[in-house]
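Q: I'd like to ask you about the structure that follows.
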Amino acid sequence: MRRLLPALLLFIVIGCRGGDSAPQRRTLIDSRDTYDPRTLDPALATDVPSGRAVAYVFDGLTRFTPDARLEPALAERWDVSPDGKVYTFHLRRGVRFHDGTPFVARHVVSSFHRVLDPTTKSTGPWVLYPIDGAREFADRRDRSIRGIVAPDDSTVRITLSQPLSIFLKLLAMPVASIVPDSVGPDFREHPVGTGPWKFVEWRHDDYLLFAKNPDYFDGAPRTDSLRARIIREPSTAVAEFEVGNVDLLYVPEAETRRWEQTDERNATLAAAPALRLWYIGINTTRGPLRDVRVRQAINHAIDVDIILDRLIGGRGRRAAGVIPPVLDGADTTRTPYAHDIGRAKQLLTQAGFPNGIDIELWHSDNESFSRVAQSIQSYLAEADIRAKLVQREAAAMRAAARNGETDMVLKDWYADYPDAENFLYPLLHTTNRGLGGNVSFYSNQEFDRLVDQSRIELDSARRVELYRRADSIAFADAPMAFLFFYNELYAVQPWVRGFQVPVIFNGQRWVEAELR
Amino acid sequence: MIAFVLRRLLLAIPTLFGVLVVVFLLLYIAPGDPVMEMVGERADAETIARLRAELRLDDPVPLQFAHYAGGVLTGDLGTSYITGRPITRDILERFPKTLQLATAAMLLAASLGITIGVLSARRPGSAFDRLAMGGAYLGISFPVYWVGLILILVFAVTLRWLPPSGFGRVEYLVLPALALGTRSIAFLARMTRSAMLEVLGSDFIRTARAKGLRERVVLGRHALRNALIPIITVLGLDFGNYLTGSILTETIFSWPGIGRYVVNAIARRDLPAIQGSVLFLSVVFVLVNLATDLLYAKADPRVRYD
Chain A
60 MRRLLPALLL FIVIGCRGGD SAPQRRTLID SRDTYDPRTL DPALATDVPS
110 GRAVAYVFDG LTRFTPDARL EPALAERWDV SPDGKVYTFH LRRGVRFHDG
160 TPFVARHVVS SFHRVLDPTT KSTGPWVLYP IDGAREFADR RDRSIRGIVA
210 PDDSTVRITL SQPLSIFLKL LAMPVASIVP DSVGPDFREH PVGTGPWKFV
260 EWRHDDYLLF AKNPDYFDGA PRTDSLRARI IREPSTAVAE FEVGNVDLLY
310 VPEAETRRWE QTDERNATLA AAPALRLWYI GINTTRGPLR DVRVRQAINH
360 AIDVDIILDR LIGGRGRRAA GVIPPVLDGA DTTRTPYAHD IGRAKQLLTQ
410 AGFPNGIDIE LWHSDNESFS RVAQSIQSYL AEADIRAKLV QREAAAMRAA
460 ARNGETDMVL KDWYADYPDA ENFLYPLLHT TNRGLGGNVS FYSNQEFDRL
510 VDQSRIELDS ARRVELYRRA DSIAFADAPM AFLFFYNELY AVQPWVRGFQ
560 VPVIFNGQRW VEAELR
Chain B
3 MIAFVLRRLL LAIPTLFGVL VVVFLLLYIA PGDPVMEMVG ERADAETIAR
53 LRAELRLDDP VPLQFAHYAG GVLTGDLGTS YITGRPITRD ILERFPKTLQ
103 LATAAMLLAA SLGITIGVLS ARRPGSAFDR LAMGGAYLGI SFPVYWVGLI
153 LILVFAVTLR WLPPSGFGRV EYLVLPALAL GTRSIAFLAR MTRSAMLEVL
203 GSDFIRTARA KGLRERVVLG RHALRNALIP IITVLGLDFG NYLTGSILTE
253 TIFSWPGIGR YVVNAIARRD LPAIQGSVLF LSVVFVLVNL ATDLLYAKAD
303 PRVRYD
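Going line by line, the protein sequences match chains A and B. Under this note's numbering, the final residue of the first sequence carries the number 575; numbering is consecutive throughout. Under this note's numbering, the final residue of the second sequence carries the number 308; numbering is consecutive throughout.
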């Protein structure tokens, strides 16, 4: 059934063109959300649609720009103690919540307490665990978090239990947004923040509507309102874009080439490297996969370039390590594993498997992943690695991988914050085996030591060097098949000005964008 | 009649209880963990343990079931693990939209399907009949997914007569209702035609014609009325299906109905949402079946329920 889609969409492409004239509306319409956000309460936001909406309505102490730089938000500036443990934030004055209440330091303290309070049932409290006393408070051992105080209305002092180089980036995550004092039970449906957009309406599975906050401290958005439509089916989003009903479209992978090559279309294409890695987690504790040579053989067997070109529309860059090239710490000179069947067989023989091995490759029922898994299976077969495909629905696959029940699992990783640490630590550090995201169950003392050191290293040049060395160790150990870093591709209507492709999911807040 | 309705409603209770048990157990043995879906890609063991405790997921299964069933008896379907919203509110918000879509599709199906069927039966083998039955054949065979996309392509993108997707005024309803109803239109047309042909061969039709009744009266009042039973069966079954499973149509047309809600809930392992909506939809199905049975009696006075 789904195979008919490409043919059908070709008709759409040939049959019509993007809406040429600017619409009369004063509402920006986004079409990126594919499912209903979980909540608009920052404490509970773990999914991408929620994270985007939270970024419209709320501010944190810091924030990301579309190109993933960190900049001050509610904190105007900050000082860090020489030992890297004490952060003193000087807050912006004169900021008000959408309900008119002035924002003061007390709100930072109460917001962070709220996230860590077990009754809030927040799903992302780990973001604030680095604060001294945070875990004790979350476990109900302390009645407040000793590491956060507000000496006056415009100062917040946060003490960490140990230095953490990425702390300021953690504070730009949705969970760390600042909320007002009185948060009613309906807050998740009617959020009130300080952000550029005021919440207006949420029609579940249909759209979210926001109105501009004319008093936004950084200058009001340039359009009156913002509508985030929720469109599940990519072909439907394409149709909506074609008729000019939406201003922004996430171009489906299968259509990349068509959009890139059809120049009669008026839409502007905007691409950016995403902080997203496609990889195969190779469980380093199972059977023949314990041998590094077998894992390297797997890397040599797969022709990633062909997969990228034929199945992903060329939207990506081969990975030689886990750090995306746009982040500090990536070694762009490192050569990826070459596609070399002879070498793969040789490595297998050296490892004691001259007749090859039999393993399982798990993947989700997502269309792109299924296609990539099938092609990987045939590449592996050429090197006598007989992979049985196990297709499960995403939740089941995730559970199995985290429980260590998968030999190999094809998946992707989308960064929470733009830092190499967000790849090295969750995906490969011993602490995070299983639940934390390390589905390779990789454990290497030297790697761990370098990553641990990078997390407390305050000098950025030295930190970058640590990242690079850790990444290089992981690359050689091959606890995963390194596939590629994904590129996002958007189509923007010709009448939209000032849109920048966000590298990180919550980096685009539509403040600068306008309709002309 | 009233006794019949009451009896049927009472009989529905064990059915629904069975549904409740089966759904609960199925979800319990299905792979995937709701808490893992709640915490997202990056989780820590403490948070997971804390959430499991808060949600009472570590209780023994019979206790969990008793807890849940107790809530259901008092009309409380619980709150969603993922969104924290009451399930009842979620369902009441979405079901009317599905009802609207299903009703529109059924109205289309009933009016178009029956008309085409009757007209075909009037002159079997005529050009109209062959065309209509050929079309019906295609209509039954086309997957709803494909029909939906074609409709969007033709009427929304190329002709720009109607919006491609979304929920709103009546123009938003046309395409999804057509996509959803296509199969029913086609099926009803064939069903009506064959039922009519059978009736048209009966003696009483010859008598009616011999009396000199006009053909329209013969077809409409005498023949169709007697052909209604199978038609009602199809209408009832399809309506039940549309109310409970118009998932593809709702997905393609971004229709915020209950079908998408259930699919989302399943993907996120939102147990209370899945259980609540399956139970609710079972009630709907039982009621639609009951209504269908009552319509039989209305259509054919020989059918009696007492």
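Glycine included, every Cβ here is placed at the ideal spot set by N, Cα and C.
Determine the direct distance from the alpha carbon of D443 (chain A) to that of G415 (chain A), and round the result to whole angstroms.
A: So the alpha carbons of these two residues sit roughly 5 Å apart.
Q: Ends of the alpha helix (DSSP H) at R136 (chain A)?
A: Careful: R136 (chain A) lies outside any alpha helix (DSSP H), inside the beta strand (DSSP E) at 134-139.
Q: Do you know offhand how far S181 (chain A)'s Cα is from K228 (chain A)'s?
A: Cα to Cα, the separation comes out at about 19 Å.
Q: R352 (chain A) to Q409 (chain A), Cα distance in whole Å?
A: 8 Å
Q: Could you tell me which chain A residues have their CB closer than 7 Å to the CB of I93 (chain B), listed as they occur along the chain?
A: Think of a sphere of 7 Å around the beta carbon of I93 (chain B): no beta carbon from chain A falls inside it, the nearest being about 11 Å out.
Q: Just to make sure I have the definition right: I need the residues of chain B whose C-beta is within less than 7 Å of the C-beta of Y94 (chain A). Which are they?
A: N266
Q: Answer yes or no: does any C-beta atom of chain A fall closer than 8 Å to that of E173 (chain B)?
A: E173 (chain B) does not count as touching chain A.
Q: Check whether the Cβ of R457 (chain A) lies closer than 8 Å to any Cβ atom in chain B.
A: yes
Q: Which residues, in order along the region 13-35 of chain B, keep a beta-carbon less than 8 Å from a beta-carbon of chain A?
A: A32, P33, G34, D35
Q: To which residues does DSSP link L307 (chain A) through a beta bridge?
A: A:D89, A:V551
Q: Is it buried or exposed for H249 (chain A), if we count other Cβ within 10 angstroms and need 16 for buried?
A: exposed
Q: Report the option in A:E547, A:A529, A:P477, A:L525 whose CA atom is closest to the CA atom of A231 (chain A).
A: A:P477
Q: Nearest to E441 (chain A) by alpha carbon, out of A:T178, A:I515, A:I357, A:P384?
A: E441 (chain A) has its Cα closest to that of A:I357, out of A:T178, A:I515, A:I357, A:P384.
Q: From A:H172, A:A329, A:D511, pick the residue whose C-alpha is nearest to that of V562 (chain A); which is it?
A: A:A329
Q: Answer yes or no: does any C-beta atom of chain A fall closer than 8 Å to that of A269 (chain B)?
A: At least one CB atom of chain A sits nearer than 8 Å to the CB of A269 (chain B).
Q: Between the C-alpha atoms of H359 (chain A) and F534 (chain A), what's the straight-line distance to the nearest angstrom?
A: 12 Å
Q: Would the region 297-307 of chain B and the region 108-117 of chain B be scored as touching if the rule is three or more Cβ pairs under 8 Å?
A: No contact exists between the region 297-307 of chain B and the region 108-117 of chain B.
Q: Are any of the Cβ atoms in chain B nearer than 8 Å to that of P177 (chain A)?
A: The Cβ of P177 (chain A) sits closer than 8 Å to at least one Cβ of chain B.
Q: Which residues in chain A have a C-beta closer than 9 Å to the C-beta of Y310 (chain B)? List them in chain order.
A: The requested residue 310 (chain B) does not occur in the structure, where chain B is confined to residues 3 to 308.
Q: Closest by CA to R514 (chain A), which one among A:R85, A:G372, A:I418, A:L223?
A: A:L223
Q: Hey, how far is the Cα of V264 (chain B) from the Cα of A453 (chain A)?
A: 16 Å
Q: Which residues, in order along the region 77-88 of chain B, keep a beta-carbon less than 8 Å from a beta-carbon of chain A?
A: I84, T85, G86, R87
Q: Note the first and the last residue of the continuous alpha helix (DSSP H) segment covering G72 (chain B).
A: In this chain, the alpha helix (DSSP H) harbouring G72 (chain B) covers 63-75.
Q: Whole angstroms are fine: how far does the CA of A14 (chain B) sit from the CA of I154 (chain B)?
A: Cα to Cα, I154 (chain B) sits roughly 40 Å from A14 (chain B).
Q: With a Cβ-Cβ cutoff of 8 Å, do V234 (chain A) and P101 (chain A) count as a contact?
A: Yes; because the gap between Cβ atoms is below 8 Å, this pair is in contact.
Q: Could I get the ranges of all uninterrupted alpha helix (DSSP H) runs contained in the region 391-441 of chain A, with 4 residues as the minimum, in chain order?
A: 400-409, 426-441
Q: Are any of the Cβ atoms in chain B nearer than 8 Å to that of F485 (chain A)?
A: Correcting the residue type first, residue 485 (chain A) is Pro in the shown sequence and not Phe. P485 (chain A) counts as touching chain B.
Q: For E56 (chain B), count neighbouring Cβ atoms within 10 angstroms of its own Cβ and tell me buried if that reaches 16, exposed if not.
A: exposed
Q: Inspect the CB distances between the region 453-471 of chain A and the region 419-437 of chain A and report whether three or more fall short of 8 Å.
A: At 8 Å Cβ cutoff, the stretches touch.
Q: Per DSSP, which one or two residues make a beta bridge with F123 (chain A)?
A: For F123 (chain A), which the question treats as bridged, DSSP gives the partners A:L129.
Q: Distance, Cα to Cα, D106 (chain A) vs S241 (chain A)?
A: 24 Å
Q: Roughly how many angstroms lie between the CA atoms of T251 (chain B) and V285 (chain B), to the nearest whole one?
A: 22 Å
Q: Is R97 (chain A) helix, strand or coil when you go by DSSP?
A: It is coil, neither helix nor strand.
Q: In angstroms, rounded to a whole number, what distance separates the CA positions of V449 (chain A) and A181 (chain B)?
A: 34 Å
Q: Less than 8 Å between the C-beta atoms of G340 (chain A) and V510 (chain A), yes or no?
A: no
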